[in-house]
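In the numbering used here, the protein residues as written are 2 to 135. C-beta atoms are modelled at their ideal positions from N, C-alpha and C, and glycine is treated no differently. Predicted model, so just to flag it, every value in this text is computed and none were measured. Report on the structure given below.
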Amino acid sequence: DDLPAEPSSVDKFQISSLVLSTETKRAVEKAAAQWLTKAQATAKTSKKQLHELANRESNTAMLDAAVLLLNIIAFFGYLVFPATYFGPFVRDSYTIWLGNFAGDLAWTIEPALVLSFSKLSAVLTLRKEKIKAI
Numbered sequence: 002d003d004l005p006a007e008p009s010s011v012d013k014f015q016i017s018s019l020v021l022s023t024e025t026k027r028a029v030e031k032a033a034a035q036w037l038t039k040a041q042a043t044a045k046t047s048k049k050q051l052h053e054l055a056n057r058e059s060n061t062a063m064l065d066a067a068v069l070l071l072n073i074i075a076f077f078g079y080l081v082f083p084a085t086y087f088g089p090f091v092r093d094s095y096t097i098w099l100g101n102f103a104g105d106l107a108w109t110i111e112p113a114l115v116l117s118f119s120k121l122s123a124v125l126t127l128r129k130e131k132i133k134a135i
């Protein structure tokens, strides 16, 4: 037998070499290498997917901010008429027209912006990639 007489002189690596045959070790090493390669490929794919998701969410957040701003402009634009009619402010037809124009313009730009979002998002993503490449 290859076992030493004294247990205290046994090396841990000797025990593992006695337990696993050479073929089994090679099979385990091969499986571990395949798993590691697959894990690295998955990590690269996941990293790329996370970057794409982050870009998409960033663009969506910018769209939401723009829509909110346009709705605030429309709200205050349309608020001009009731404020001048019911409030203590001077009724000026030009001010009322300007408020209505601001509201109409904001609510005209908003659907155009939302409908063209996918193309704008693609342009913004390409622009970010070009900046990163520099």
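- Annotation for V29: the continuous alpha helix (DSSP H) segment containing it runs T23 to F87.
- Here A107 is buried, its C-beta having at least 16 other C-beta atoms within 10 Å.
- If you look at R92, you'll find it isn't in any alpha helix (DSSP H); DSSP assigns it neither H nor E.
- With a beta-carbon spacing of about 6 Å, V81 and T96 fall inside the 8 Å limit used to define contacts.
- Inter-segment contact for the segment 61 to 72 and the segment 105 to 124 is present: three or more beta-carbon pairs are separated by less than 8 Å.
- In the three-state DSSP reduction, S117 falls in the coil class, being neither helix nor strand.
- Around R92, the same chain offers T85 as residues with beta carbons nearer than 6 Å, after the five sequence neighbours per side are excluded.
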